[in-house]
Amino acid sequence: MEKKSSNSNLHRAAKVKNDEFYTRRTDIENELKHYKDQFRGKIVYCNCDDPFESDFFKYFAANFNALGLKKLITTSYVKSPIVGKQLPLFEMRGLKPDGKEPIKIEVSEVKDLNSDGAIGLEDVQRLLKDDANVTTSLKESGDFRSKECVELLKRADIVVTNPPFSLFREYIAQLMKNRKKFLIIGNDNAISYKEFFEFIKKNKIWAGYGKVKEFRQPDGTIKKFGNVGWYTNLDTTKRHDKLTLYKKYDRKEYVKYDNYNAIEVSKVSDIPMNYEGVMGVPVTFLDKYNPSQFEILGITDRDPNNKYRAKMYTKKDSPKYNDLNRRAAIKVNNELKPTYARLLIKLKQ
Ligand SMILES: C[S@@+](CC[C@H](N)C(=O)[O-])C[C@H]1O[C@@H](n2cnc3c(N)ncnc32)[C@H](O)[C@@H]1O
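Numbered by this note's numbering, the letters in the sequence shown go through residues 253 to 601 in order.
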């Protein structure tokens with residue numbers, strides 16, 4: 253019994269810890285520069301962003317006029333380990349002295365308050381310091397699912413943030429339910445979440461431009477990732493670029509899966525230009541996906557009902573039948589081997 257509760261505490265701690273990765277300004281700038289035109293006249297909402305800490309807030313506040321934003325709304329979450337802990341980056345008139353409550357910042361105009369001829373963070377700092385209407389306490393916790401935050405979400409045109417990894421499914425579901433435009437950071441593995449994959453398959457969500465390899469942690473250290481990037485439903489030019497295909501299909505080179513009606517293509521660059529059937533490709537394909545060139549049909553990940561599946565294994569086939577059933581399998585020297593999760597795709601004619 254004790255073991256179980258300490259395990260669940262550990263699990264909870266791991267979850268909380270995994271939510272505390274802060275996005276660096278350079279990564280925000282590198283991605284946002286591609287979408288500038290789509291932000292003009294828009295209300296932007298960062299709903300998982302403590303303005304003391306979030307570079308999303310700083311980026312949008314400092315570029316408020318350059319992007320031509322109508323409004324910037326930011327809300328912080330009461331449970332964030334950094335709320336009230338850090339020295340405030342900005343002094344805020346609307347805040348109570350202990351500064352621990354979740355807050356909302358709503359910016360509608362940024363003027364050149366320091367008269368240096370340009371708009372920058374210093375002007376935002378002055379605005380927050382002098383205008384008590386910009387920063388207000390939230391009545392609820394600042395949870396993106398709270399009534400108060402959902403009301404703000406409804407008013408917004410585009411949501412931009414790095415949401416908590418542990419709540420990614422719920423986060424996406426809420427955005428889609430409210431038909432919001434968004435640009436958010438997420439793990440590559442999210443593609444195997446059933447509901448999320450359906451949105452990808454139906455071309456309602458796609459990959460942004462870049463990957464995000466490093467995040468700041470509350471203790472000031474850097475955490476590196478190899479599998480985190482941007483997801484969006486804002487238009488990108490890259491999803492209209494055709495992937496150049498070099499290879500021709502050769503049945504000796506491309507093996508057929510033993511349990512799926514598809515061929516294995518282990519590298520995106522090896523996708524044959526003339527294969528009309530279903531192909532299994534690494535999930536990194538998403539970065540090259542142009543929906544007028546390809547169709548995404550499915551994913552070979554824990555889906556017993558996948559319509560391209562040819563068989564389910566039992567222990568008679570292999571002692572590792574469970575592993576084999578999770579994924580597409582190929583025969584290597586007469587032995588069945590599971591592949592990594594593959595996207596099942598087809599060339600559009
Ligand atoms: C991955 S961090 C990213 C923070 C910030 N968006 C950034 O990119 O620098 C996710 C943030 O969401 C906050 N958070 C966790 N659960 C939340 C919830 N239910 N509603 C709103 N924010 C939440 C965490 O405290 C954390 O600050």
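We treat Cβ as the ideally placed atom computed from N, Cα and C, and that holds for glycine.
In this structure, the C-beta of residue 397 approaches ligand 1 to less than 7 angstroms from one of its heavy atoms. Remark: fewer than three beta-carbon pairs, one from each stretch, lie closer than 8 angstroms, so the stretch 437 to 452 and the stretch 489 to 506 are not flagged as touching. By the 16-neighbour rule on beta-carbons within 10 angstroms, residue 433 is buried.
One thing to note: residue 523 has its Cβ no nearer than 8 angstroms to the Cβ of residue 549. In the structure shown, residue 421 falls within a helical segment according to DSSP collapsed to helix, strand and coil. Within the stretch 350 to 428, the runs of alpha helix (DSSP H) at least 4 residues long that lie entirely inside it are, in chain order, 373 to 382, 399 to 407. Looking only at 378, 475, 436, 476, the smallest Cα-Cα distance to residue 457 is reached by 436.
Selection 290, 558, 483 evaluated against residue 424 yields 483 as nearest (Cα-Cα). From the listed residues 597, 373, 473, 455, the smallest Cα separation to residue 518 is found for 597. The stretch 557 to 568 makes no contact with the stretch 475 to 490: fewer than 3 CB pairs, one atom from each, lie closer than 8 angstroms. According to DSSP, residue 584 shares a beta bridge with 587. The stretch 527 to 543 makes contact with the stretch 458 to 471, as at least three CB pairs between them are under 8 angstroms. Three or more beta-carbon pairs drawn from the stretch 317 to 331 and the stretch 298 to 305 are found closer than 8 angstroms, and the two stretches are therefore classed as touching.
For residue 594, the secondary structure class from DSSP, reduced to helix, strand or coil, is strand. Contact between the stretch 273 to 291 and the stretch 307 to 319 is present: 3 or more CB-CB pairs across the two stretches fall below 8 angstroms. Between the stretch 573 to 587 and the stretch 505 to 514, the count of Cβ pairs shorter than 8 angstroms is three or higher; the stretches touch. In this structure, the beta-carbon distance from residue 407 to residue 426 does not fall below 8 angstroms. DSSP places residue 296 within a strand segment (E or B) once states are collapsed to three.
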